[in-house]
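Asks: Before I ask anything, here is the structure I am working with.
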Amino acid sequence: MINPAHPPLALIGVYSPELVLPIAETLRVLGYERAAVVHSGGMDEVSLHAPTVVAELPQR
């Protein structure tokens, strides 16, 4: 989220499912054009062994 290049897109993994929506909202407030925040199976990434929680900021 702190990137001097200010990219318009982001894919961010979070360690807790409770953080998915707050981080997605933060990315919206920061002005990202499109982003996805993911959590799966206690990990900050997408995995095949557990359901994945995704919050997506659609393209404006």
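All residue numbers for the sequence shown refer to the numbering used here, where the first residue is 35 and numbers rise by one.
Note that CB positions come from ideal geometry on N, CA and C, so glycine has one too.
No experiment lies behind these values; they were computed from the predicted model shown.
How should Leu45 be labelled, buried or exposed, when 16 other C-beta atoms within 10 angstroms of its C-beta is the threshold for buried?
Replies: exposed
Asks: Under the three-state reduction of DSSP, which class applies to Glu59: helix, strand or coil?
Replies: The answer is helix: DSSP assigns Glu59 an H, G or I state.
Asks: Can you tell me the Cα-Cα spacing of Asn37 and Leu43, whole angstroms?
Replies: Distance between the alpha carbons of Asn37 and Leu43 is about 11 Å.
Asks: Taking buried to mean at least 16 other C-beta atoms within 10 Å of its own C-beta, is Val88 buried or exposed?
Replies: exposed
Asks: Closest to Ala69 by CA distance: which of Met77, Leu55, Ser50 and Ala84 is it?
Replies: Leu55
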